[in-house]
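To start, the structure itself, in structure tokens.
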Amino acid sequence: MNKQIIIINPPNNKIVLRDFYSSTISKGKYNWPNTDLLSISAILGQDFETQLIDANTMGYNIEETFSEVLKHNNIAGAVVAVGKSVLKEDYDFIEKLRILLNNKYPSSKISVVGGIIYHNALNEIQKNKFIDACILNFTTNDILNYYLGNFKDINNIIYRQNDEIVETELKLPEWGFKLPIPKHEQLPLGKYQLSHGKNRPLTSVITSYGCPHKCSFCVSGRIKYRYRDPQNIIDEIKYLISIGIKEITFRDNIFGFHKQKYMELLNGIIENNLKFSWVSDSRVDILDEELIMLMSKAGCHALHFGIETNNEDTLNTYNKNLKDQDYVKSTLELCRKYKIQSVGYFILGLPGEKYEDVNRTINYSVKIGCDYASFNLPLPIIGTDLRESSMKEGLVKETDGSYDGSSEPLIKNKDISSIELINLQKKAYRKFYFRLSFIIDKIKKIRTFFQLKMLLSEGYYLLLNRR
Ligand code: SF4
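Numbering (my numbering), first residue to last: 255 to 721.
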């Protein structure tokens, strides 16, 4: 029997999204399969038997997760996703996992993946003896070479060897990447859902990572952009259709950026008659009518856009690099024309913004006509310029504490008090969602029982949390 590697999304009593170099707590019930772990299952699956355990989605506690792990034999190691939002709990879990594996498999290795690991790997491995290796990129074969013991070929990993810590180079493919097919079938696919989802079962498929832009509040711009080979994506989708997948979230910060490559992907979906619905993240200034029309034809039903603020000075200060705010209006209009729902992401109260700026952004969110909106307070995410500049100005404390994006403002705004900012965030949600026109529009667009269930469930969470 081949050696086994157990790939774990750790338990937690909240729904934690820990992939794609960031982590957050689900504000409602939305949840998708961890992209990093899926990719790693594909890579390790070339030479090992791999088992994905999504303990978080299954609602397991630590003991239940361990009993799942112990159902497997001949364990060579474990890969665990960690998130800054719940780092203490994640490390507590890994420390106990180390003790568990030591009893039966003392030479097994535990490696970790996540945004905090990418930005702080050396520090994390030095401080935490239960970590054997930090994975800096989840699409290369380096993790496979690590577990096979081919140390001379390894890049993109920092690992422990004979009490020494070995740092390797960050070395990415020149242009893009391919992956074997990840082990989606090992996940509880019927349990994932998107807040404006259309269908289930749902899974995630990576189409690119990183971002060519460098917005100061976002970590993705610190990660070099690489896109995935379109034919390789289509092969994975064909497999997913064969196992009954009805909805996909394409994990991509900037879907459509390399127009030709994305046209190839979209045409491939259409020509192969691959029927599924999907969503992704994009930017308002990279999509044109040709692309949006093709996306709609290929099953896209929702796009997420970082609109951030209505304040042009803020956009420039934080390097959003949006040439013209008119793109917001025109792209949202095209989405409406081709029946793609738009979800706008806004940041309220970035340092330098005043009370009136935030109010203007709230009014703007309603005026531009996106279908859904998410209003967030600025976060001192590790690896961002915003964190560094805020620390220099004394607006945020250097702390190891966790943050989840749903609590108090973590970056002070000199002109808006924390209480005012929280009230502005509540006002934004009230103003956007508790409009008669919004409610009527959403009811009119319901086509399936699943959509009705999702709308009621997200509405319930909105009321319950009152943001
Ligand atoms: S906010 Fe969007 S465009 Fe800006 S760096 Fe992040 S992913 Fe890229």
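Here a beta-carbon is modelled for each residue, glycine too, at the ideal position from N, C-alpha and C.
With 16 other Cβ atoms within 10 Å as the buried cut-off, status of residue i
i: Phe509; result: buried
i: Val371; result: For the sequence presented, residue 371 should be read as Ile rather than Val. Answer is buried; the Cβ neighbour count reaches 16.
i: Thr263; result: A quick correction: the sequence has Asn, not Thr, at residue 263. Its Cβ being crowded by 16 or more others within 10 Å, Asn263 is buried.
i: Asn416; result: exposed
i: Glu418; result: exposed
i: Leu337; result: A small fix is needed here, since residue 337 is Gly in this sequence, not Leu. Label assigned to Gly337: buried.
i: Trp286; result: buried
i: Ser361; result: exposed
i: Asn404; result: exposed
i: Ser536; result: buried
i: Arg505; result: buried
i: Gln447; result: buried
i: Asn507; result: buried
i: Phe629; result: buried
i: Ser496; result: exposed
i: Asp580; result: exposed
i: Gln380; result: exposed
i: Ile622; result: buried
i: Ile408; result: buried
i: Phe274; result: buried
For residue i, the three-state DSSP class (helix, strand or coil)
i: Cys472; result: coil
i: Ile259; result: strand
i: Asp407; result: helix
i: Asn573; result: coil
i: Arg614; result: helix
i: Val533; result: strand
i: Val270; result: strand
i: Lys283; result: coil
i: Gln300; result: coil
i: Ile195; result: Nothing about residue 195 can be read from this structure; the chain reaches only from 255 to 721.
i: Asn667; result: strand
i: Leu292; result: helix
i: Leu456; result: strand
i: Ile540; result: coil
i: Tyr275; result: coil
i: Ile523; result: helix
i: Tyr400; result: helix
i: Gly313; result: coil
i: Tyr413; result: strand
i: Gly444; result: helix
Where the beta strand (DSSP E) through residue i begins and ends
i: Ala556; result: 554-562
i: Ser643; result: No beta strand (DSSP E) contains Ser643, which is instead part of the alpha helix (DSSP H) from 639-646.
i: Val582; result: Per DSSP, Val582 belongs to no beta strand (DSSP E); it is in the alpha helix (DSSP H), 580-591.
i: Leu306; result: 303-308
i: Phe600; result: 595-601
i: Ser691; result: No beta strand (DSSP E) holds Ser691; the alpha helix (DSSP H) holding it covers 690-699.
i: Ser628; result: 626-630
Sequence-distant residues of its chain with Cβ nearer than 7 Å to residue i (five each side left out)
i: Leu520; result: Leu548, Met549, Ala552
i: Lys515; result: Tyr481, Pro484
i: His326; result: Gln258, Ile260, Gln305
i: Glu343; result: Asn266
i: Gly299; result: Pro434, Lys437
i: Tyr413; result: Asp386, Ala387, Tyr400, Val420
i: Ile487; result: Val459, Thr461, Leu519
Span of the alpha helix (DSSP H), counted from its first residue to its last, around residue i
i: Asn677; result: 672-687
i: Glu544; result: 543-551
i: Val650; result: Segment: none, Val650 is in no alpha helix (DSSP H) and carries neither H nor E.
i: Ile635; result: Unbroken run through Ile635: none, as it is neither H nor E.
i: Ser321; result: 316-323
Sequence-distant residues of its chain with Cβ nearer than 6 Å to residue i (five each side left out)
i: Gly560; result: Tyr599
i: Gly637; result: His373, Val473, Arg476
i: Thr319; result: Pro265, Ala309
i: Phe384; result: Ile348, Glu349, Arg352
i: Ala627; result: Gly598, Ser619, Phe686
i: Asp625; result: Gln595, Ser596
i: Leu748; result: Beyond the ends of the chain as shown, which are 255 and 721, falls residue 748; an answer cannot be given.
i: Leu443; result: Pro455, Thr457
i: Thr585; result: Val538, Leu541
Neighbourhood of residue i by C-beta distance below 8 Å, restricted to the same chain and skipping five residues each side
i: Pro634; result: Leu640, Arg641, Ser644, Met645, Val650, Tyr657, Leu664, Ile665
i: Ser293; result: Phe392, Thr393, Leu433, Pro436, Ile460
i: Asp654; result: Residue placement at Asp654 is poorly supported in this model, since its pLDDT is 46, which falls under 50; the coordinates still yield a value, given next. Leu341.
i: Lys577; result: Asp539
i: Asp669; result: Glu607, Lys608, Tyr609
Test: residue i CB closer than 9 Å to a CB of chain B
i: Asn395; result: This model lacks chain B altogether, as it is built from one protein chain only.
Curious, which full-length beta strand (DSSP E) runs of at least 3 residues does the stretch 331-396 contain? With a minimum length of 3 residues, the continuous beta strand (DSSP E) runs that stay inside the stretch 331-396 are 363-367, 387-389.
I'd like the ranges of any alpha helix (DSSP H) spanning at least 4 consecutive residues and lying wholly in the stretch 459-512. DSSP runs (the alpha helix (DSSP H)) wholly in the stretch 459-512: 484-496.
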